[in-house]
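What follows is a short report on a single structure.
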Amino acid sequence: MTKDEYVKTLEKVAADNAVNAKHDDYYDGYFDGLKKAIKLTKELDEPKKVVIPQFVADWIAEAKSYYINDVDSLGIVYWICNHCTDTESNYEWLKNIDNQKLLLNAIANGYEVEKESKYYVKIKCFVSSDNTLYVNRNNARGDFFLEGKKQTPSFNTTFTKSYLKSHWTGYDAYNNANLLEFEEVEDE
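Numbering (numbering that gives the first Met the number 0) for the sequence shown: 0 to 187.
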């Protein structure tokens, strides 16, 4: 039974007993109790959608795509657990019990995808006189270079860490050597 169905049931019981409540102390107290129950039930929170990383949303979507009819929650979990192996970069996420609970909650109650932060990125060993060298990407050629942080249609200067990891071959080397400096971009 949903919250709305429960409220309607209580309202019907209250309406059916409203006439008796006017003439009897017992029903008067009973009727007041029903009114309070209706009020409290309306204040109950619906389950909130949880926030999950994009890769988890991708797992859920892929799992759903393998089912012809409506898929049940356990089917999605089963698919994810069987198809996400230790060779996948995000596999470690599944080992955490809190993340497992988050996955189940997302499947059962819905979810929103976590908005990944964007950054201006400096490489610590490359310094200019005014300290304005940032990682840029030429959108036409796809190569990365160092310059200012002025965004143009031709050059991208803000990046998510996952974008850099998947598009910039030097990212892991610089990042693992602790040579990258990230400056978070305020809302664009």
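Cβ atoms here follow ideal geometry from the backbone N, Cα and C, with glycine treated the same way.
Neighbourhood of residue i by C-beta distance below 8 angstroms, restricted to the same chain and skipping five residues each side
i: residue 13; result: 30, 33, 34, 37
i: residue 106; result: 59, 72, 75, 76
i: residue 113; result: 50, 51, 52, 53
Nearest-angstrom Cα separation, counted from residue j out to residue i
i: residue 131; j: residue 175; result: 22 angstroms
i: residue 121; j: residue 46; result: 42 angstroms
i: residue 134; j: residue 115; result: 18 angstroms
i: residue 171; j: residue 148; result: 21 angstroms
i: residue 98; j: residue 92; result: 7 angstroms
i: residue 177; j: residue 40; result: 53 angstroms
i: residue 83; j: residue 5; result: 40 angstroms
i: residue 141; j: residue 163; result: 12 angstroms
i: residue 137; j: residue 70; result: 43 angstroms
Buried/exposed call for residue i, threshold 16 Cβ in 10 Å
i: residue 62; result: buried
i: residue 156; result: buried
i: residue 43; result: exposed
i: residue 144; result: exposed
i: residue 125; result: exposed
Residue interval of the beta strand (DSSP E) (run including residue i)
i: residue 132; result: It is not in any beta strand (DSSP E) - residue 132 carries neither H nor E in the DSSP assignment.
i: residue 190; result: Lying outside 0 to 187, the shown extent of the chain, residue 190 is not represented and no answer is given.
i: residue 178; result: Segment: none, residue 178 is in no beta strand (DSSP E) and carries neither H nor E.
i: residue 184; result: Unbroken run through residue 184: none, as it is neither H nor E.
Residue range of the unbroken alpha helix (DSSP H) whose run includes residue i
i: residue 164; result: 160-166
**Prompt:** Which runs of the beta strand (DSSP E) fall wholly inside the segment 84-112 and span at least 3 residues, in chain order?
**Reply:** List check, beta strand (DSSP E) in window: 110-112.
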